[in-house]
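The sequence shown begins at 1 in the UniProt record's numbering and counts up one residue at a time. Idealized CB from N, CA, C, for every residue including glycine. In this text the structure is predicted, and so the values were computed from the model without any measurement.
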Amino acid sequence: MTAHVVMYSSGVCPYCTMAERLLTAKGISNIEKIRIDLDPAQRAAMMQKTGRRTVPQIYVGDTHVGGFDDLNALERLGKLDALLQGA
């Protein structure tokens, strides 16, 4: 079973696209995307929840991964698969 992935994103964010591609390559096909550019209340909620202003902000299950650089770092360290599997 794979963990639930939530990604705060915007329509013009290249890092959001790269994060989605990486997650898709890992077999995650059902990413819950929350578009903060379409809903200012969601931007405020993201900033409150993460303490960050930039997108993407990615959650795998209850774990706040951070942005694309953080996600990619987990992949390079070999830790992303376990997180996505809910381990």
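Using C-beta distances below 7 Å, list every residue in its chain close to residue i, excluding the 5 sequence neighbours before and after it, in chain order.
i: L23; result: V5, I31
i: K33; result: M7, S9
State yes or no: is the C-beta of residue i within less than 9 Å of the C-beta of residue j?
i: residue 174; j: G66; result: This structure gives no information on residue 174, because the portion of the chain shown stretches from 1 to 87.
i: G86; j: T2; result: yes
For the beta strand (DSSP E) containing residue i, list its first residue and its last residue.
i: Q57; result: 57-60
i: R35; result: 31-35
i: T2; result: Note, T2: premise wrong, no beta strand (DSSP E); not H, not E.
i: T63; result: 63-66
To which residues of the same chain is residue i closer than 8 Å at the C-beta, ignoring the five residues directly before and after it?
i: I28; result: T2, V5, L84
i: R52; result: M46, G66, G67
I'd like the list of long-range same chain contacts for residue i, defined as Cβ closer than 6 Å, with 5 residues on each side in sequence excluded.
i: A44; result: none
Since residue i contacts residue j with CB under 8 Å, what's their CB separation in whole angstroms?
i: G11; j: D37; result: 6 Å
Cβ contact check for the region 72-86 and the region 14-32: 3 or more pairs under 8 Å: yes
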